[in-house]
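2 protein chains.
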Amino acid sequence: MTNPHLQQMVQDLENARRKASFPVADMTRFLRGGAEAVENLEKVRAVIEKEPLFNKLNMIFMSRQEQLAHAVRVAERLIEIAEEHGWSEEEFAIMADLNDMLNPLSLHYGAFMAVIKAQGTDQQIEKWYMAAKRHAIVGCYAQTELAHGSNVAGLNTTATLDTKTDEFVIHSPDLTAAKWWIGGLGTTATHAVVQAQLIISGKSYGPHLFIVPVRSPVDHKVIDGVQVGDIGPKAYGGFSTMDNGYAIFDHVRIPRENMLMRFSKVTKDGQYIAPVHAKLSYGSMVKLRVGIVIDAGWTLAKAAAIATRYSTVRRQFTDPADPSSELERQVITYSSVQHRLFPLLSTAYALIISSHDLNAQFNDFQKQLAQEDTHLLPEIHATSCALKSWSTRRSTDGIEECRKAMGGHGFSAFSGLSQLFADFVPSNTYEGDNYVLAQQVARFLLKQLQNVTQGKRITSVTAEYLELLKLGSPDTPVAIPSEKDLLDPDLQLKLFGTRAARLVAGLARKLQAGRAWVDLNMDCWEINLAHAEYIILRQTISAAKNLQRSSEYTAIAKPVQKIANLFCLSLLRQSSLASFLVTSTILPKDVHLVDNQFVVALAEVSDEAVGLTDAFGFSDYQLATVLGQKDGRAYEAFWTAVQSNPINSQDGREQFGILAKRILHRRDNKDYIRMAKL
Amino acid sequence: MTNPHLQQMVQDLENARRKASFPVADMTRFLRGGAEAVENLEKVRAVIEKEPLFNKLNMIFMSRQEQLAHAVRVAERLIEIAEEHGWSEEEFAIMADLNDMLNPLSLHYGAFMAVIKAQGTDQQIEKWYMAAKRHAIVGCYAQTELAHGSNVAGLNTTATLDTKTDEFVIHSPDLTAAKWWIGGLGTTATHAVVQAQLIISGKSYGPHLFIVPVRSPVDHKVIDGVQVGDIGPKAYGGFSTMDNGYAIFDHVRIPRENMLMRFSKVTKDGQYIAPVHAKLSYGSMVKLRVGIVIDAGWTLAKAAAIATRYSTVRRQFTDPADPSSELERQVITYSSVQHRLFPLLSTAYALIISSHDLNAQFNDFQKQLAQEDTHLLPEIHATSCALKSWSTRRSTDGIEECRKAMGGHGFSAFSGLSQLFADFVPSNTYEGDNYVLAQQVARFLLKQLQNVTQGKRITSVTAEYLELLKLGSPDTPVAIPSEKDLLDPDLQLKLFGTRAARLVAGLARKLQAGRAWVDLNMDCWEINLAHAEYIILRQTISAAKNLQRSSEYTAIAKPVQKIANLFCLSLLRQSSLASFLVTSTILPKDVHLVDNQFVVALAEVSDEAVGLTDAFGFSDYQLATVLGQKDGRAYEAFWTAVQSNPINSQDGREQFGILAKRILHRRDNKDYIRMAKL
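Protein chains in written order, with the working numbering: chain A, 1 to 678; chain B, 679 to 1356.
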């Protein structure tokens, strides 16, 4: 079936596309980190998009067990492809990133191998890392326990040195110490790096890392003394392709040299040698958080792309501006849709742009860390915590908002948005619960504030804004001379800096007044949000400026500037307004100025919207959606997808026919036979 | 395995339970609507909780197809039980409510039978309703189309009268007109009430309702000319037990008398007789929305109960107040957890309490409507729209917030929260998208405002607050003489009324200034939120007052008063603060007063929290959670649940062993054999 309505949808998306004022390819290059990165991406994409195994739409009808088994096959195929093409680890990473699906080997690469490389001695790396690389073993990283997630110091699994046999005895004293949630452990891993309390001669030295076998790499049988299994389905169908597992250890013996000893060491005779520098192992936590921030941006980008495109082709209600038209009004033109979608589109951009910066900072930090220099740690730690908390929360809330803005069809699994949400929402909790991380951000800023009040130099670039406290009284609003000045980057940063600084100062005052730290969690949370918003806005503004000056990217400087303005104004007007008002940064009587400029900023982005979603460079294959396809054929694709529903097959219909007839035919058959004769 | 930690959890919940200051059974009676209602509930509960078929925890490992087939069996068993016990329709409804699981017959009762009863003639009711009641047919209600959800007037399915044969011809002109999302249609229904454009002699009379056969009740074969099937999985695994379906009609002929003709009629010779009163059919829409508001309260109540109990037994981090203790600190004592959970607990209470009132109003309205008197319609329509939008949004956001507050385990399907969210979140969209309904609320209030400005009487109780606009200038804050006055119900209502009134006046000013209605969707949304909050607060306050005066419920007046205060203060401090500040209802400098009293209100509820969750009267069976059980044995229950994971069965282990070995053994076997020898 085809009809003018369906043709119109194709046309609507094309028209919207043509309105973009900038070269889309330039923007893609900028977002993806340069021409070479785009080339690599395209090269890998061309290969993997030929693989029907990787088509995610096919997975929608699978049970969880089928999805998990499917994921192991995907993991295997990824290895094969890399070998077939002789791809490097970097190219493998691009492929995994494009495949964008957790599988039981994801943490083999991302955690097991990574932690061995980071915390193993050279000999350990030679032995374990190389075996892992060849997949002679597959591993996982076992930290969380049933009763201990956030508090690593409180872990209860023990690793007791037996000097007689030169072994560690790994033991779970009770059910609460069972390792739990461990990705890769449920069905697949042969080995685990286990966080356990190191005990020597009855004395505890705190959590350390041990390589413990859990299944034989020969026959995959579970090792004696280990109970291991999959912890079952996750919320919203998230992580369905990951075998999060549990393990209970009953006095499992491993050689002493299975303790990862790059930093701490235990000698044969039971001497404990402490690490030179306690913080040298912090790098991997920061790295994980940096990765989460990058994902937050790109995941929200997918949701915003799908929702923007679908809202462009979806029409609903007569257009009051053109009531006689046969066509209803494009949903994307409704102010409620624009107010909800465009700020999220700008947030995705701002997050991607600032994650470039964060990544660069992290690389600098890594280089220094390699020299055993940790002076960059406090700032990168605080920045990565703040951005992790902010971005995971905003990204997941944003995906769900995009889904709601798509109307009823957003609730179909085929929209593609629910899987994005389901797989990303646990990031609010893992690698540091957002509210716990917020406390660390606040502590960092309080320390910086102390420098300010003691007249010392602020050592942190991101906390520079605390200097603003020296200007004027704490109640003086930031002057907004005219509405248009809200587009001035300096004024924008002054607003965001002042707000953040005043929140930090407010927390300091409460502490001085004797309020307990544990009662001030929510103050920390507000500070975290304010700090993150300042950093992201600053980096987005600075990117826009740099683009203007660059020869390669001049043509996209303007749309990035529009994005920065919309990002800034949407925060001012929407989620963060209360905190700007409470801190007297903005006066209630001036909010109408923000209002007006917010509407202007939305209008500025409106014509660019579809171009901006194209510029992310997602293929239909990657988006795995029927509603947000590039060609606008949402309803045709939805129809096609539904036809392969096994419930609609001959077998399915028979099964459900039998079940229905058990109800229809419960009584004597006069009734239903009569009703069948119409 | 058992240990002191697990014992402590049981103890912690018991201790928390003992702290409640009020008789829990009294509160349950009040919430559930009296002693008789509780008795009925207990009677039905005792029967259905013996049914292993109804145990939802067993469904977590099923595929969607299995869940759907299971749901048909549940539907059948519900019918059997009602027959075995000779239960009334009311008792059947209590049972379905307790079972709390959509099934392919849910809309047979809730929509198909309901609409025939409401809009069928007496003869039609006799024929169709009675057959449906005996399950000789099972039906669905087919309104939404692939390209038309919100805009009923824009539906494209046609019902063309053929006077020669005295039939209507039901037809879907193209794919976009396919009926879509129709619950019960996917695999089960034999008949559909179809919304279609009535066409007589080439003239269209707008959407009307027609009973159309889709499958034979004899052999369940699809009727000629109909394409029908299931539209596939839904977001987050929601509605998995409902067969939302599609149907395309190719000139399907039905007798003329299959049009529902209580209001509009079509005669044999093709005359159209318009309904006496166009609004007489509005009752059923209002009724559905009232039902959604009730569900919003009770669904959030479940989430709050689970999260509060689990946070009571969960301990994390050393207690700074007692650093030498072996025990870590109860998570429920963290301020971030209290700030997130307790306001949601109070919201669940406030919603349940105000839904009593809404229900009573609806019954009055129904009685009048039966007399063809519609004068109560505008207000009940606005109230039900406002409360539907507000409650669905807050309830679903709240469930997800509860889930996040539970830490990592909240992300397990066994927490029970994800299914609550997944099944309730589409309520933001169905029966009127929240942002569309908000416009109707705003229109109602603008009309009331006109009365005020024209010096007329306000005809609406819920909009009385518009009279406040006559006091003082629009910028004068509501005076808060002292912090304690924030607990004065009159002041509370003045704050909420003033805020709402000023938002309505602001919208009127923008319209007068020439702004287009379509550009002001977000103003409508803010008004909807403010209006709903005013109504709910007013009803909660009034309930607390009534309880104080009642002889039966005096003992629970105080905790309900605490709930009202916390509900009020959490809105003031959290989600709605910005709008109180922007409307100058509260001055930024006075926010610290709100802050302080909010902390007091949280503390007041803190000792009551577990008692308040018990008072909802949920059984463990109903909550279908391992983490929020009444006995506090969260970790033992989680462990037990995971053991029945089919992936951990012998078969499952073998399947995944084979898959893993395909990866491990890709190269020659020296490597993995060596690694197996530790």
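Ideal Cβ placement from N, Cα and C applies to all residues, glycine included.
With distances taken between CB atoms, is the gap from B:V944 to B:L1047 smaller than 8 Å?
No, the pair does not count as a contact, with Cβ atoms beyond the cut-off.
According to a CB-to-CB cut-off of less than 8 Å, which residues of the stretch 240-274 of chain A neighbour chain B?
Taking 8 Å as the Cβ-Cβ cut-off against chain B, the residues of the stretch 240-274 of chain A that qualify are D243, Y246, I254, P255 and N258.
Beta carbon of B:V971 nearer than 8 Å to that of B:L1065:
The answer is yes: Cβ separation under 8 Å.
Span separating the alpha-carbon of B:V1119 from that of A:V193:
Straight through space, the alpha carbons of A:V193 and B:V1119 are spaced by roughly 58 Å.
Hey, quick one: how far does the beta strand (DSSP E) through B:G817 stretch, first residue to last?
G817 to A820 is the span of the beta strand (DSSP E), which, as asked, contains B:G817.
Figure out for me which residue from A:Y310, A:L175 and A:F112 has the closest Cα to the Cα of A:K133.
Of the listed residues, the one whose Cα sits closest to A:K133 is A:F112.
Sufficient close CB pairs (3 or more, under 8 Å) joining the stretch 1185-1196 of chain B to the stretch 1158-1170 of chain B
Using a C-beta cut-off of 8 Å, the stretch 1185-1196 of chain B makes no contact with the stretch 1158-1170 of chain B, since fewer than three inter-stretch Cβ pairs fall below that distance.
Taking 8 Å as the CB-CB cut-off, is B:H849 touching chain A?
B:H849 does not count as touching chain A.
Where B:G1110 falls, given that 16 or more other Cβ within 10 Å makes a residue buried:
Only buried fits B:G1110, as 16 or more other CB atoms lie within 10 angstroms of its CB.
Are there three or more Cβ pairs, one per stretch, closer than 8 Å when the stretch 382-398 of chain A is compared with the stretch 253-263 of chain A?
In the pairwise beta carbon analysis, the stretch 382-398 of chain A is classified as not touching the stretch 253-263 of chain A: fewer than three pairs are separated by under 8 Å.
Between B:L709 and B:P1237, what straight-line distance do the alpha-carbon atoms span, to the nearest angstrom?
B:L709 and B:P1237: Cα-Cα distance of roughly 13 Å.
Thinking just about the alpha-carbon of each residue, which of B:A1100, B:I860, B:P730 and B:R1352 is nearest to the one in B:D908?
Comparing C-alpha distances from B:D908 to each of B:A1100, B:I860, B:P730 and B:R1352 shows the shortest one belongs to B:I860.
May I have the straight-line CA-CA distance separating B:V1288 from A:V24, to the nearest angstrom?
Between the C-alpha atoms of B:V1288 and A:V24 there is a straight-line separation of about 56 Å.
For the beta strand (DSSP E) holding B:L839, just list the boundary residues, first then last.
T836 to D840 is the extent of the beta strand (DSSP E) around B:L839.
So B:G619 is in the beta strand (DSSP E); what residue range does that whole segment cover?
In the structure as shown, chain B starts at 679 and stops at 1356, and residue 619 of chain B therefore has no counterpart that could be examined.
Name the chain B residues whose beta carbon is nearer than 8 Å to that of A:R309?
Residues of chain B whose Cβ lies closer than 8 Å to the Cβ of A:R309 do not exist; the shortest such Cβ separation is about 16 Å.
Could you name each continuous alpha helix (DSSP H) segment of 4 residues or more that falls completely within the stretch 569-657 of chain A, going from the start of the chain to the end?
Every alpha helix (DSSP H) of 4 residues or more that sits fully in the stretch 569-657 of chain A is shown, in chain order, as 577-582, 591-606, 609-615, 620-623 and 634-643.
How is the beta strand (DSSP E) around B:K1348 delimited, first residue to last?
That residue, B:K1348, is in no beta strand (DSSP E); its alpha helix (DSSP H) goes K1348 to A1354.
Tell me which same chain residues have a C-beta within less than 6 Å of the C-beta of A:I541, skipping the five on either side of it?
Within the same chain, P489 and A564 come within 6 Å of A:I541 by CB-CB distance, once the 5 residues on both sides are set aside.
Can you pull out the residues from the stretch 739-773 of chain B whose beta carbon lies closer than 9 Å to at least one beta carbon of chain A?
Legend: CB atoms of the stretch 739-773 of chain B lying less than 9 Å from CB atoms of chain A belong to residues F739, M740, S741, R742, Q743, E744, L746, A747, V750, R751, A753, E754, I757, E758 and E761.
Considering just the uninterrupted stretch of the alpha helix (DSSP H) at A:K388, what are its terminal residues?
Element bounds for A:K388: L377 to A405.
Spatial neighbours of B:M679 within its chain, please: C-beta separation below 6 Å, excluding the five flanking residues on both sides.
Here B:M679 scores only 45 on pLDDT, less than 50, and its place in the model should not be relied on; the value that follows carries that caveat. Nothing meets the Cβ criterion.
Is A:Q655 close to chain B, meaning its C-beta is less than 8 Å from at least one C-beta of that chain?
Yes, A:Q655 lies at the interface with chain B (some Cβ there is under 8 Å from its Cβ).
Quick one: using the 10 Å Cβ neighbour count with 16 as the cut-off for buried, is A:Q7 buried or exposed?
With fewer than 16 other Cβ atoms within 10 Å, it is exposed.
Same chain, Cβ closer than 8 Å to A:S150, five either side skipped, listed in chain order:
Cβ neighbours of A:S150 beyond the five flanking positions: G432, D433 and V436.
Extent of the continuous beta strand (DSSP E) to which B:H1087 belongs:
Careful: B:H1087 lies outside any beta strand (DSSP E) and carries neither H nor E.
Proximity of B:T836 and B:Q875 at Cβ, strictly below 8 Å
A contact, by the Cβ cut-off of 8 Å.
Please confirm if A:V642 has its CB atom under 8 Å from at least one CB of chain B.
Output row for A:V642: interface = yes.
Per-residue DSSP class, three states only, for A:S264:
DSSP places A:S264 in the coil class of the three-state scheme, outside both helix and strand.
Check the Cβ-Cβ distances between A:Y334 and every residue of chain B, and say whether any is below 8 Å.
Answer yes: the Cβ-Cβ gap between A:Y334 and chain B drops below 8 Å somewhere.
According to DSSP, is A:V331 part of a helix, a strand, or is it coil?
In the structure shown, A:V331 adopts helical secondary structure according to DSSP, grouped into three states.
Taking the straight line between their C-alpha atoms, what separation do you get for B:V1304 and B:A771?
When rounded, the distance between both Cα atoms is 27 Å.
DSSP state of B:W806, grouped into three classes?
DSSP places B:W806 within a helical segment (H, G or I) once states are collapsed to three.
Buried/exposed call for B:M687, threshold 16 Cβ in 10 Å:
By the neighbour-count rule (16 or more Cβ atoms within 10 Å), B:M687 is buried.
Using a Cβ distance threshold of 8 Å, determine whether the stretch 1227-1234 of chain B contacts the stretch 533-552 of chain A, with at least three qualifying pairs required.
As far as the Cβ criterion goes, the stretch 1227-1234 of chain B does not touch the stretch 533-552 of chain A, which means the pair count is below three.
Any C-beta of chain B within less than 7 Å: which residues of the stretch 138-166 of chain A qualify?
Under the 7 Å Cβ criterion, the stretch 138-166 of chain A contributes V138, T144, L146, A147, G149, S150, N151 and G154.
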